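>
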């Protein structure tokens, strides 16, 4: 007990002030690549067209290096609408429809002291019935279609559907997109998205940025 | 004792098998391990408790059904097929297959892609330099620390050690940020390539940061082991003593077995293997914690002899043609031993089979939960460090 | 009017029950109300009744019998309501009616042989009713019968000893010899299902295929009539002073262990079974106090504890019957059909009363018990004071633990209820539920009626002259130093009922939204009964008490904390093995059947003897 307390004092404040302050870290390849030098690039997911990179398709593989380099900017978040009524408090339900595991862990990282999601009025919930937003990760798999539909149906309005990661947005390298069965309110790009990108997306969707 | 068979396949009417920690295929005769089938029928006294596929507390989609009288679990079943992505590796060219390999299990991508690249290299006779091997070891050991920290955080959080859990998550996030900055990606995507590496990596200034993380974890580990509550909850729950299990589960009941001890890559690195005898959740936690320390010892040796990894392409990936010969190998992922058989023919993957540690651990876990307390299910599950994504139907 | 005529009024119900089960249910309800009314009228001296005697067959009216008649009537009423609402198909009305008839006979028996005759009638009827329908549950019938017969044997021995010295079967003869009175009282104590004889109580509840109405019959009514036996003996005659002290000790041990085992139980019916043991323990303590205080000529305390006992009997009868009504055919599941008919509200009120919380009747009984023990502990008799302090602390501890078990009961109430369909059916069930709430609250008010001083009362001393206990209906007056229990009294119950329940009833939900719970995204039915979902008390007690697992082959059948039961059953197995060897050597037959044969013959002989 005492040991924990002293540790906490010694550690000081580690929590980021993002989004009001600057983000402390950003994984380079979680940002959108930018053209750096000329040359042909064989993108495995056809995300590159005329020097522009489709953020929903890019799987952060780095095959376009060195022609493209990470932009080191939080990518543009595509979203359909802003839900201001959830700006004070929002409960998130994490839904895994077929991930490699990385996206889930990046969303769960929001719980860690560096991000401290509770300071933003965010918390995870155990059932979609209590959720304001559903964070869908991974490609659409056959077995999860029915649970996904049930989860979205059982949420009360207003609700926000987040598609987190390239797999959910576009199907990525190996599957189908979530958009085949539901509309995507917010698209969080990356493979996997950096936690700061996820925070930025959530805050934008609630109209706080 | 003979190592259990991990992969069995049939070709030209003959059966071949690959055993745990083995690089050589052998002829297989005898009975196949039966598919685990437990009939769960609710009775007057016993009821069926469904958990999943999508429920709070689960990191990935998996379905458990527990036959329970309320307090005690009488039988348990699991179904990993819900989030099966049905990935087909064979038929793809090598660059795409490497990308797929990273995404079979995203949080163990370094282990998967390292093994895959190693097999491709062996199949086409490419000799890689010690530097590439060192980079792969470095990535796999950092991945191991990161995964073990995550499991430790989940387990201590489940045992209501929330401050301890948050302290561990804090360390893990620090580690992931170091990895992200150094390797360009928090989960090592896009680095491993057969015969080379994809990026230039500068590891000259990560030593101190990693050392402080391991040092801090040592303190947390000691404080947790002083906590009566944590010990009480994890002690003697979900006792597993099954030889077919993998990784920390195997070492959790006193088996001194680790894929790294005989592997070519880890030659001369003197991997320290820690074992605990009791086989319970606590034992697996202790094994994981000790592995964090032994991984750090390995990382230290690697960092002593390398400070920068240049882009290395000894052979262009798309030049590899392959002979069609089946090459098999293994690697110790954070969850346990991964075995894989690959063959390459005319630049494409013509055969792919693998066996993931999570599948074996899940199987023994389901048997071990019988007779356990219902509330202890969570500790047992979290102590496994399960990755559902790698249990899918991937060919 | 003659008592025989009064008794014969109840007999036609038996024939109705033989003819038709449906008609039997209605007659049950009718006769239960009749029993309550007649008992109250008898107590108020509004109807005069004459005793009946023919040969050895003797019926006699006592105030104790009539007071317990009210309690038995209340249990009978709730049982018959449950029968009508739940529509049990396998019920044989004839047998359950025979049990009640036997019990009514016991209440008005005038001598020991008549008493034993009626005692045996209801014991045999109850044990047949336990094992009759399903061979699977035959063992529960045997357990019940064997412990029931231990009690009968003790009673017969007491009667025989008295007969040998006095030449008649009067109670006076039995209760004037130390040996016979000890045997006589311990006969009832065994039947009441105290520790270590607890399996007669919960085994028949938890391991048998009886429905909830017969569960009430066996789990509530039979302990109540056993308590009548104890209290009747204790109140009418001065007992040798060690007997009531033994009663206090046995009662406090039963209370403590009953409550512990109840809080660790895995099914609602076992919870109720062990909780009955706890409550029986409390009532046994109270009858011990009433006897020991009469022995030391403290009649005020004796009257106080007797009133407390009667409140306890009626409140326990009402509360436990309502709780048992919620259990279904099998011991460990709630029955949704019954749930709807009883209503959640009634169950919650019953459970709160069982917790011994104020302002419900259970709380008043609890307080009066502890107050009596306080007074005894200050009485100056050194050894008795020490016993009273220990008994009081055990009683208080067990009351605390019973809060755990009934909180668990209440908190898992809602889980097994199916989705509420919209419509009138639900509203109707609410009405039934509120009727039961009001009933369970009104029962202690009967005592306000009974506390009016009855002139010309003929018993040794009138324990129903409660005028000094509830002065002005507004407080409970302690006999110790004239202190009162604040404003908590039967009057308060009435006021609280008005304040809490009327707005609650008026603002009850009228529209029900159908909600589909989240089952992990699958469209499956959850059969999980979350009654035992999380059981912190079990996990706590598992550190203190040994866990006994019954393993059959590879399967765990049950996990039991009841080490006394384990000990007794181990002894029983030893006894059975030994007797089998003995039987093979000496008698060349089966002892168990032989003993059964002897008992049945004895009963038959007694019945024939009575008629002659």
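Chains as they are written, first to last, in this note's numbering: chain W, 113 to 321; chain C, 3 to 397; chain Y, 8 to 619.
Where is the CB? At the ideal position from N, CA and C, for every residue including glycine.
The structure displayed is predicted, hence computed values, not measured ones.
Hey, could you find the ends of the beta strand (DSSP E) residue 343/C is sitting in?
Run containing residue 343/C: 338 to 347, per the beta strand (DSSP E) assignment.
> Quick one: what does DSSP say residue 234/C is sitting in, helix, strand or coil?
DSSP places residue 234/C in helix when its eight states are reduced to three.
> In chain order, what residues of the same chain have a beta carbon less than 8 Å from the beta carbon of residue 145/Y, not counting five sequence neighbours either side?
Here the set comprises 138.
> Which residues does DSSP list as the beta-bridge partners of residue 16/C?
Bridge partners of residue 16/C: 13/C.
> Given a cut-off of 8 Å on the beta-carbon distance, is the pair residue 572/Y and residue 552/Y in contact?
Result no, Cβ atoms of residue 572/Y and residue 552/Y do not sit closer than 8 Å.
> Mapping the DSSP letters down to three states, classify residue 206/W as helix, strand or coil.
Three-state result, residue 206/W: strand.
> Can you have a look at residue 165/Y and say buried or exposed, based on whether 16 or more other CB atoms are within 10 angstroms of its CB?
Buried, by the Cβ-count rule.
> Tell me whether residue 463/Y is buried or exposed, calling it buried when 16 or more other Cβ atoms sit within 10 Å of its Cβ.
Residue placement at residue 463/Y is poorly supported in this model, since its pLDDT is 35, which falls under 50; the coordinates are not used for a value here.
> Out of 265/Y, 244/Y, 228/Y, which has the shortest C-alpha to C-alpha gap to residue 133/Y?
Closest option to residue 133/Y, Cα to Cα, is 228/Y.
> Let me make sure I understand the geometry here. Which of 315/C, 276/C, 282/C, 64/C has the alpha-carbon closest to that of residue 297/C?
When only C-alpha atoms are compared, the closest one is 276/C.
> Comparing alpha-carbon positions, which option in 210/Y, 608/Y, 188/Y, 580/Y lies nearest residue 272/Y?
Looking at the Cα atoms, 210/Y is the closest of the given residues.
> For residue 246/C, which three-state DSSP category applies?
Three-state result, residue 246/C: coil.
> Between residue 330/Y and residue 73/C, what straight-line distance do the alpha-carbon atoms span, to the nearest angstrom?
Their backbone Cα atoms lie some 22 Å apart in a straight line.
> Taking the straight line between their C-alpha atoms, what separation do you get for residue 365/C and residue 258/C?
Rounded to whole angstroms, residue 365/C to residue 258/C spans 21 Å at the Cα level.
> Please compile the residues from chain C whose C-beta is within a distance smaller than 8 Å of the C-beta of residue 545/Y.
The contacting residues are 73.
> Is there a C-beta anywhere in chain Y that falls below 8 Å from the one on residue 56/C?
Judged by the 8 Å Cβ criterion, residue 56/C is in contact with chain Y.
> Closer than 8 Å is the cut-off here; do at least three beta carbon pairs connect the region 319 to 337 of chain C with the region 55 to 66 of chain C?
With a cut-off of 8 Å, the region 55 to 66 of chain C and the region 319 to 337 of chain C do not count as touching, because too few Cβ pairs lie within range.
> Is there at least one Cβ from chain W nearer than 8 Å to residue 280/C's Cβ?
Chain W contact via Cβ: absent.
> Give me the Cβ distance between residue 29/C and residue 18/C, rounded to the nearest whole Å; I'm assuming they're in contact under 8 Å.
7 Å between Cβ atoms; contact.
> Where does residue 305/Y sit, in a helix, a strand or coil, going by DSSP?
Looking at residue 305/Y - three-state DSSP - the assignment turns out to be coil, as it is neither helix nor strand.
> Please classify residue 248/W: does DSSP put it in a helix, a strand, or coil?
Residue 248/W: strand per DSSP, three-state reduction.
> Could you list the residues in the region 261 to 293 of chain W with a C-beta less than 8 Å from some C-beta on chain A, going in chain order?
In the structure shown, chain A does not exist; the protein chains are W, C and Y.
> On the premise that residue 527/Y lies in contact with residue 44/C, defined as a C-beta separation below 8 Å, what is that separation, rounded to the nearest angstrom?
No, residue 44/C and residue 527/Y are not in contact; Cβ-Cβ is about 17 Å, not under 8 Å.
> Drop a sphere of 10 angstroms on the beta-carbon of residue 223/W, count the other beta-carbons inside from all chains shown, and report buried for 16 or more, exposed for fewer.
It counts as buried.
> Could you name each continuous beta strand (DSSP E) segment of 3 residues or more that falls completely within the region 172 to 218 of chain C, going from the start of the chain to the end?
Within the region 172 to 218 of chain C, no complete beta strand (DSSP E) run reaches 3 residues.
> Just list the residues that DSSP pairs residue 315/C with in beta bridges.
Note: residue 315/C sits in a beta bridge opposite 198/C.
> Hey, how far is the Cα of residue 574/Y from the Cα of residue 278/Y?
Going by the C-alpha atoms only, they are around 20 Å apart.
> Can you confirm whether residue 393/C, when its beta carbon is compared against all beta carbons of chain W, has any partner nearer than 8 Å?
No, its Cβ sits nowhere closer than 8 Å to a Cβ of chain W.
> Have a look at residue 125/C and residue 346/C and give me their C-alpha separation to the nearest angstrom.
Answer to the nearest angstrom: the Cα atoms are 7 Å apart.
> Pick out whichever of 216/Y, 220/Y, 396/Y has its Cα sitting closest to the Cα of residue 89/Y.
Among 216/Y, 220/Y, 396/Y, the Cα nearest to that of residue 89/Y is on 220/Y.
> Helix, strand or coil for residue 429/Y? Go by DSSP, reduced to three states.
Note on residue 429/Y: pLDDT 39, under 50, position unreliable in the model; the coordinate value appears next. In this structure, residue 429/Y counts as coil in the three-state DSSP scheme.
> Does the distance between the C-beta of residue 5/C and the nearest non-hydrogen atom of the ligand SAH fall short of 7 Å?
As presented, the structure is devoid of all ligands, the ligand SAH included, so that no description of it is given.
> Considering just the uninterrupted stretch of the alpha helix (DSSP H) at residue 157/Y, what are its terminal residues?
Per DSSP, residue 157/Y belongs to the alpha helix (DSSP H) from 145 to 173.
> So residue 153/W and residue 317/W are in contact, right, with Cβ under 8 Å, and what is the actual spacing, rounded?
Going by Cβ atoms, the distance from residue 153/W to residue 317/W rounds to 32 Å, so no, they are not a contact pair.
> Less than 8 Å between the C-beta atoms of residue 301/W and residue 178/W, yes or no?
No, the Cβ-Cβ distance between residue 301/W and residue 178/W is not below 8 Å.
> Listing by chain order, which chain Y residues have their CB less than 8 Å from the CB of residue 253/W?
Residues of chain Y passing the Cβ test: none, with the nearest at roughly 12 Å.
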